[in-house]
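Residue numbers (full-length UniProt numbering): 1 to 305.
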């Protein structure tokens, strides 16, 4: 059996995909695995904010097209990049064990904590979700737009004279750069992107052989978290145009979902949490997503009066 795996060409994407390839080989020694890199729209256009270059799917659409055409057999995505609605004929076949889902502050030398950032410190950030929550913690900070892969954003701290930036802990750990972390934000301080730290392994829905090969890689906890967070994203109507995030904790037979949702063109946002028995994660995500969407609409009406 030969599997062709499609992925983005960034160093982080290749590390993630190599992990999947190695895991497949361990579980199925007879499987031949080939990795094919694909350039996405989000990779080609680095000088514009994400919400100006195509919305959901800008990091996945080209890879999905290759999957549909049969050019590849398996797509490895960062789960947070995947649209909440699965395209017809495709399947999210597996969510492997999740890396640390938190966000982290990375700073220039001489700053050792969030509290040590000077008043008016310049923070490079292009995520509306992160900006909303960071300014709630430190309203004095000056946000500078920034995009690019992890390497690029770390380089720009010095090149652009920034005091710091916000990156996913998972990416830093996978690259071996966790030593750059100044302050990891707990999910209660900064709710992560839906699915942050997890991988989404996508296949053609009728490809039973690939689905069977991936089954040993599935992680039950990560799968339940993904169900809650992706259901929240779908119900809230979230996309890269809106600040939106969710994180599901599973403890002692119950799942607790934290969620946040904001407006596209302003600082208004709401957050909340809901719990449900384990096994009801999808319903939990839909319920909290609908609640926050309605709550945000009410806040907007009150603001317009």
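Using N, Cα and C, we set each Cβ at its ideal position, and we do this for glycine too.
What residue from 104, 32 and 280 has the CA that sits closest to residue 189's CA? Counting from 1 along the chain shown, the entry for residue 189 is found at position 189. Looking at the Cα atoms, 104 is the closest of the given residues.
Give the DSSP-derived three-state secondary structure of residue 161 in the structure shown. Your numbering for residue 161 matches position 161 in the chain shown. Looking at residue 161 - three-state DSSP - the assignment turns out to be coil, as it is neither helix nor strand.
I'd like the span of the beta strand (DSSP E) that includes residue 7, first residue to last. Locating residue 7 in the chain shown gives position 7, counting from the first residue. Element bounds for residue 7: 2-7.
In whole angstroms, give me the CA-to-CA distance for residue 7 and residue 270. Within the chain shown, the letter at position 7 stands for residue 7. Within the chain shown, the letter at position 270 stands for residue 270. Approximately 34 Å between the Cα atoms of the pair.
Does residue 268 get closer than 8 Å to chain C when you measure Cβ to Cβ? Chain labels in this structure do not include chain C; a single protein chain is all it has.
How big is the Cα-Cα spacing for residue 1 and residue 32? Position 1 of the chain shown, counted from the first residue, corresponds to residue 1. Position 32 of the chain shown, counted from the first residue, corresponds to residue 32. The straight-line gap from Cα to Cα measures roughly 6 Å.
Apply the 10 Å Cβ neighbour rule to residue 73 and answer buried if 16 or more other Cβ atoms are within range, or exposed otherwise. One-based indexing of the chain shown puts residue 73 at position 73. The residue in question, residue 73, is buried, as its Cβ has 16 or more Cβ neighbours within 10 Å.
Should residue 21 go down as buried or exposed, given a rule of 16 or more other Cβ atoms within 10 Å for buried? Position 21 of the chain shown holds residue 21. Result: buried.
According to DSSP, is residue 81 part of a helix, a strand, or is it coil? Along the chain shown, one-based indexing puts residue 81 at 81. Three-state DSSP puts residue 81 in a helix.
Test item: CB-CB of residue 153 and residue 146 under 8 Å: Position 153 of the chain shown, counted from the first residue, corresponds to residue 153. Position 146 of the chain shown, counted from the first residue, corresponds to residue 146. Contact flag set, yes.
Taking residue 158 as the reference, which of 273, 108, 3 and 254 has the closest Cα? Numbered from 1 along the chain shown, position 158 holds the residue referred to as residue 158. The residue with the shortest Cα to Cα distance from residue 158 is 108.
Suppose contacts are defined by Cβ-Cβ distances below 8 Å. Is residue 250 in contact with residue 278 by that definition? The count along the chain shown starts at 1 and reaches residue 250 at position 250. The count along the chain shown starts at 1 and reaches residue 278 at position 278. Yes; because the gap between Cβ atoms is below 8 Å, this pair is in contact.
C-alpha gap between residue 3 and residue 30, whole angstroms: Counting from 1 along the chain shown, the entry for residue 3 is found at position 3. Counting from 1 along the chain shown, the entry for residue 30 is found at position 30. Rounded to whole angstroms, residue 3 to residue 30 spans 11 Å at the Cα level.
Could you round the C-beta distance between residue 169 and residue 68 to whole angstroms and report it? I think they count as a contact, below 8 Å. The residue given as residue 169 occupies position 169 in the chain shown. The residue given as residue 68 occupies position 68 in the chain shown. In fact, because the Cβ distance is near 33 Å, the residues do not count as touching under 8 Å.
Delimiting residues of the alpha helix (DSSP H) encompassing residue 220: Taking the chain shown and counting its residues from 1, the one referred to as residue 220 is at position 220. Note, residue 220: alpha helix (DSSP H), 220-236.
Residue 260: buried (16+ other C-beta within 10 angstroms of its C-beta) or exposed? By 1-based counting over the chain shown, the position of residue 260 is 260. Buried.
Where residue 256 and residue 224 are concerned, what is the direct C-alpha to C-alpha distance, given to the nearest angstrom? Taking the first residue of the chain shown as 1, we reach residue 256 at position 256. Taking the first residue of the chain shown as 1, we reach residue 224 at position 224. Those two C-alpha atoms are separated by around 11 Å.
Give the single residue among 184, 126, 196 and 175 whose Cα lies nearest to the Cα of residue 113. Your numbering for residue 113 matches position 113 in the chain shown. Out of 184, 126, 196 and 175, 184 has the C-alpha closest to the C-alpha of residue 113.
Would DSSP call residue 183 helix, strand or coil? As a first step, residue 183 must be located in the chain shown, where it is residue number 183. In this structure, residue 183 counts as strand in the three-state DSSP scheme.
Any idea if residue 214 is buried or exposed, counting beta-carbon neighbours within 10 angstroms, 16 or more meaning buried? As a first step, residue 214 is located in the chain shown; it is residue number 214 there, counting from the start. Counting Cβ neighbours within 10 Å, residue 214 comes out buried, since at least 16 surround it.
Can you list, in chain order, the residues of its chain whose CB lies under 8 Å from that of residue 39, leaving out five sequence neighbours each side? Mapped onto the chain shown, residue 39 falls at position 39. 8, 9 and 62.
Check whether the Cβ atoms of residue 76 and residue 16 lie closer than 8 Å to each other. Here residue 76 corresponds to residue number 76 of the chain shown, with the count starting at 1. Here residue 16 corresponds to residue number 16 of the chain shown, with the count starting at 1. Their beta carbons are under 8 Å apart, which means residue 76 touches residue 16 by this criterion.
Roughly how many angstroms separate the alpha carbons of residue 98 and residue 293, rounded to a whole number? As a working mapping, residue 98 is identified with position 98 in the chain shown. As a working mapping, residue 293 is identified with position 293 in the chain shown. Each residue's alpha carbon lies about 27 Å from the other.
Residue 109 by DSSP, collapsed to three states: which one? Residue mapping note: residue 109 aligns to position 109 of the chain shown, counting from 1. DSSP places residue 109 in coil when its eight states are reduced to three.
Along the chain, where does the alpha helix (DSSP H) that runs through residue 20 open and close? To locate residue 20, count along the chain shown from 1; it is residue 20. 11-27 is the span of the alpha helix (DSSP H), which, as asked, contains residue 20.
Best match in 11, 12 and 18 for proximity to residue 5 [C-alpha to C-alpha]: By 1-based counting over the chain shown, the position of residue 5 is 5. When only C-alpha atoms are compared, the closest one is 18.
Between which residues of its own chain and residue 131 is the CB-CB distance below 7 Å, once the five residues before and five after are set aside? Translated into the one-based positions of the chain shown, residue 131 becomes position 131. 125 and 143.
For residue 28, which residues from the same chain have a beta carbon less than 6 Å from its beta carbon, with the 5 sequence-adjacent residues on both sides left out? On the chain shown, residue 28 is found 28 positions in, with the first residue counted as 1. Only 213 meet the Cβ criterion.
Tell me where the alpha helix (DSSP H) around residue 132 begins and ends. Against the chain shown, residue 132 aligns to sequence position 132. Start and end: 128-137.
Applying the criterion that 16 or more other CB atoms from any shown protein chain within 10 Å of the CB defines a buried residue, is residue 303 buried or exposed? If you number the chain shown from 1, residue 303 lands on position 303. Looking at its Cβ environment, which holds fewer than 16 other Cβ atoms inside 10 Å, residue 303 is exposed.
Classify residue 256 as helix, strand or coil using the three-state DSSP reduction. Against the chain shown, residue 256 aligns to sequence position 256. Residue 256 falls in the strand class under three-state DSSP.
Decide if residue 164 is buried, meaning its Cβ has at least 16 other Cβ atoms within 10 Å, or exposed. Position 164 of the chain shown, counted from the first residue, corresponds to residue 164. Residue 164 is buried by the Cβ-count criterion.
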